[in-house]
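Below is one structure, written out as structure tokens, with a few remarks after it.
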Amino acid sequence: MSTETHTHAHHGGPKIYTANLFALLFLTIITVAAASFNFGSANVVIALAIASVKAILVGLFFMHLLWDKPVNAIILVAAFLFLGIFLMFDFLDVGSRVVFAPRNTAPMENATPVPDSMNPQKAAPPRPLDPAPAAEEHKAAEEHK
Amino acid sequence: MEQQFDTSKIGMWLFLATEILLFGGLFVGFGLMQHRYPREFLEAHEHLKQTVFGMPFPLYGAINTVVLLVSSWTMVMGVNAAQTNQQKKTVRFLVMTILLACVFLAIKYVEYEHKFHDGLLPAKYYAHQSEDLIKGTHGYATFFAFYFMMTGLHGIHVLVGIGLLGWLVMRARRGAFSSAYYTPVDLVGLYWHIVDMIWIYLFPLYYLIS
Amino acid sequence: MEPALTSGARIGDRPRPKKNYLNDGKGFKSWALTVDHKRIGIMYLIGTMFAFLLGGIFALLVRLTLLTPQHTLFGLQITAETYNRFFTLHGAIMVFLFIIPSIPGSLTNFVLPLMLGAKDVAFPRLNLASFYLWIVGAVMAVASMVIGAVDTGWTFYTPYSTSGTSSTVTLMTAAVFVLGFSSIFTGLNFIATVHKLRAPGMGWFDMPLFVWGMYSTAVIQVLATPVLGITLVLLMLERVFQIGIFDSRIGGDPVLFQHFFWFYSHPAVYIMILPGLAIISEIIPTFSRKTIFGYRAIAYSSVSLALLSFIVWGHHMFVAGQSQLATVIFSALTFLVAIPSGVKVFNWLTTMYKGNISLEAPMLYAISFLMLFAIGGLTGIFLGTLSTDVHLTDTYFVVAHFHYVMMGSTVTAFIGGLHYWWPKMTGRMYSEKWARIAAVLWFIGFNATFLPQFILGSRGMPRRYYNYLDQFQPLHAFSTVGSWIIGLSLFMTAAILLASLRKPMDAPDNPWNGTTLEWEAASPPITHNFEDTPVLEHEPYDYRHKVTT
């Protein structure tokens, strides 16, 4: 292998890095300030969105992804993508489960309340079993398992 | 040598992808446990704040965030210096990065110390006595288990980073790096930025939720 | 006219180099500290073969116990706890110590750089580190077996694994953690190698399909295994410190453990099958003397299998307590994952059609593969269909299905590939006559063992049970006898291959008239693989221009 010197242009440079740092510090102030307001369930979304902007800035500029060959960025995006798939399906499962309230313990003081959507006592009453064909009965029985 | 540099970079990026998935698993676990115990987790978050001017404020968390962001800057400046044949500057920036990393760990130590003092220990060691403790559920113990696991694992990565940076300083002082060869500096830099990136997500999820 | 496979026939009349990778540097240290991918491949081969033997012994113990419903073994009463250990260790050893590391570590390590025309992998020292991590993991796993064998099933489901059992779960999961990193680093190495070390002129679509298959495997290894890592860490911490994430007794969610576990373990089964598929893509065109049909389709199907494998893991959890919505979605997505496999099978069959087929041992294994993989893959659809899975889950139907894909497919392909590249790796030809007999015996023994298990399962025989209703005994006994035939076949294969090592090193460089670059290297290759960097002269599998002197 010959000893070629690096001919690829020096991307980046102190000016861009310093500007990036100030952008990141500014976003940090924003996110701390935003935390003092209550946007309800959007709190987490906003916090994560700002964090993601910061992460993208770190990736593009400090980690040189803006000037690198695309394969490096693809690797990073793929990692986040599959992490996202893991998160999404897990929340899909956990978020759509029906929880049966225990019948033989007293309600706990200050315990996390079961939301109405998950409480079968507050949800629509079950369909009554009628002496219909076997298929219908089996279907109704399955729903109440 | 361009091909070797590119190959090493791909290797490092693939390793960083595994780090993201490793930590990511913990984030997913944390998120799902938060879903399971929303009240307990929300209350527990307050214990991560300090009182500043009479108001709760995530002082240590915010300072650590700034410290790491600046250390990312010193790191990339160090890479830049190595890339442009400025040996002394390279060493200086690397040393600054190490110092900032040490500040981060020192603040972490102070935080942990407070937690131990208050009995906010993880898992089965959880022994905090307070009026607003929700009895009968395990949400608090689980929260602090995750807190120590995630910040602890992150802290270990910072420690390893300090070791790598120290190794780089030794080599830089011997003139090992130049515009023709600065691969190790670049690769450690990438590692360091991922450590920063993980904290960028840790900070709001732990310190800013209320 | 194809040249006869006589020993000593050397294509191109090139003299055999005196120094090859085997004798270039002698002594323990030269092997223990080697960075030569070929030597590392041989070491992996030996290691994983011992693991296969150990896992196989446990399999024989399982089948022997099930010979009668009285769960006795050589006259001794086997308790349920002992039986649990048998099948757990069989599963854990086979999955983590054998199937996942074997093809990537041994055959791929050896052949991939040669196929690309490279001197070695991208990170040779990391390659050696991967091997030593495998050794450490293996030692830890064996230690955990000796100290207090695990009895949770290889899946380590909570809460039994966290607070129910007193066996050495922590040590075994630590061993698997270490093995996981061995796998990650191997995958990392292969990805970088494929991206950066191809011979001049070799574009992505000039690579052999084996490389596409291994690249796809490596992508899964890098992206999925870290999640296994963190799952095992959380499991260990739950067991030791009671965090409260997975154990229902302390407020955790056991189904969450299954999500974490299967997010890796489903892609893991594609880490197991993709290398097998990759090997078949090499053997079939070579022994059909015909260009592969649908090169791009097969290449894309490998990549899409890798990607699709990540979105179906919930099909292992249909009755575990997952929400109905998630269950239905996972079932629908599972149907998608069958498509790329089907594409491959049809393309291989079309390749064979009107080809000039010769039935040496590698081809016999490849044809076995086609039949066994078809059964394995199709029965996977039965299990992916929610309505039928509700009845078949946790029965012997599942056991039969995964043995058809893991053993009937992957191991079959592995043995076929081992025969295929044996002359390249050792410079010797094995006895073709005996190898063919062993191949037929393998096919018979495998079907005898596992075909009855489909029937057992659909009639209600549960898996992981150490006793059963009397009516299941004839099928169980048949299956056990089948396992002995498998044992005989494998013993024969080992004997055949080892016996070949006593012959002089006289195999041709290209005994099968293959068209991929590894056949241009010497048999066995020199340490640096090629005297000069090879230049690609034709498309892969181009049998139109094959010189037949």
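Those protein sequences? They're chains A, B and C, same order as listed. The letter at position 136 of the first sequence is residue 156 when you use the working numbering, and the numbering goes up by one with no holes. The letter at position 133 of the second sequence is residue 1011 when you use the working numbering, and the numbering goes up by one with no holes. The letter at position 217 of the third sequence is residue 813 when you use the working numbering, and the numbering goes up by one with no holes. For every residue, glycine included, the Cβ atom is placed at its ideal position computed from N, Cα and C.
The beta carbons of histidine 1035 (chain B) and leucine 1080 (chain B) sit about 11 angstroms from each other, so the pair does not count as a contact at 8 angstroms. Distance between tyrosine 1060 (chain B) and leucine 86 (chain A), taken at the CA atoms: about 19 angstroms. Per DSSP, the unbroken alpha helix (DSSP H) holding valine 1038 (chain B) starts and ends at 1017-1051. Against chain B, a Cβ distance below 8 angstroms from proline 34 (chain A) picks out Met955 and Asn958. Within the region 1061-1129 of chain C, the complete alpha helix (DSSP H) segments at least 4 residues long are 1069-1096, listed from N- to C-terminus. Residue range 920-948 is occupied by the alpha helix (DSSP H) that includes valine 939 (chain C).
Judged by DSSP in its simplified three-state form, methionine 1057 (chain C) adopts coil rather than helix or strand. Contact annotation for glutamine 881 (chain B) against chain C: Lys792 and Leu793 [CB-CB distance below 9 angstroms, chain order]. Taking 9 angstroms as the cut-off, the beta carbon of proline 1062 (chain B) is found no closer than this to the beta carbon of leucine 1037 (chain B).
A direct Cα-to-Cα measurement between glycine 1067 (chain B) and valine 954 (chain B) gives close to 7 angstroms. The shortest CA-to-CA distance from leucine 1113 (chain C) to any of C:Leu708, C:Gly643, C:Thr661 and C:Leu662 is the one to C:Leu708.
Distances from the CA of glutamine 838 (chain C) to each of B:Tyr1018, B:Lys927 and B:Gln928 were compared; the closest alpha carbon is that of B:Tyr1018.
The region 1067-1074 of chain C makes contact with the region 657-673 of chain C: 3 or more CB pairs, one atom from each, lie closer than 8 angstroms. By the Cβ neighbour-count rule, alanine 902 (chain C) is buried, with 16 or more other Cβ atoms within 10 Å of its own. At a C-beta separation below 7 angstroms, isoleucine 105 (chain A) has these neighbours in chain C: Phe906 and Ile907.
Listed in chain order, the non-local C-beta contacts of threonine 975 (chain B) below 6 angstroms within the same chain comprise Ser949, Thr952, Met953 and Leu1043, local neighbours out to five positions each way being set aside. Cα atoms of valine 738 (chain C) and glutamine 920 (chain C): separation of roughly 40 angstroms, rounded to the nearest angstrom. Per DSSP, proline 934 (chain B) is one residue of the beta strand (DSSP E) stretching across 933-935.
The count of Cβ pairs closer than 8 angstroms, one atom from the region 819-831 of chain C and one from the region 895-915 of chain B, reaches three, so the stretches are in contact. The CB of alanine 922 (chain C) comes closer than 7 angstroms to the CB of Phe109, Leu112, Asp113 and Ser116 in chain A, given here in chain order. At a cut-off of 9 angstroms between beta-carbon atoms, alanine 62 (chain A) makes no contact with chain B. Proximity of arginine 1049 (chain B) to chain C, defined by a Cβ-Cβ separation below 9 angstroms, is not satisfied. Among the CB atoms of chain A, one or more fall inside 9 angstroms of the CB of glycine 902 (chain B). Put simply, the region 1082-1094 of chain C touches the region 1034-1045 of chain C. At least three CB pairs are less than 8 angstroms apart. Spatial neighbours of alanine 970 (chain C) in its own chain (CB-CB distance under 7 angstroms, excluding positions within 5 residues in sequence) are listed in chain order as Val941. About 19 angstroms separates the Cβ atoms of threonine 758 (chain C) and isoleucine 743 (chain C), ruling out a contact at the 8 angstroms cut-off. Contact between asparagine 963 (chain B) and serine 886 (chain B) is absent: CB atoms are separated by about 20 angstroms, not below the 8 angstroms threshold. DSSP places valine 717 (chain C) in no beta strand (DSSP E); its state is neither H nor E. For serine 1056 (chain B), the beta-bridge partners assigned by DSSP are B:Tyr1059. Straight-line measurement puts the Cα of glycine 671 (chain C) at about 46 angstroms from the Cα of phenylalanine 926 (chain C). Taking the beta carbon of arginine 917 (chain B) as reference, the chain A residues within 7 angstroms of it are Thr132, listed in sequence order.
Secondary structure of valine 118 (chain A) (DSSP, three-state): coil. For the 9 angstroms CB-CB criterion, alanine 647 (chain C) and phenylalanine 694 (chain C) form a contact. Using a CB distance cut-off of 9 angstroms, phenylalanine 81 (chain A) counts as an interface residue toward chain B. Residue pairing by DSSP places threonine 991 (chain C) opposite C:Pro1058 in a beta bridge. In the three-state DSSP reduction, threonine 764 (chain C) falls in the coil class, being neither helix nor strand.
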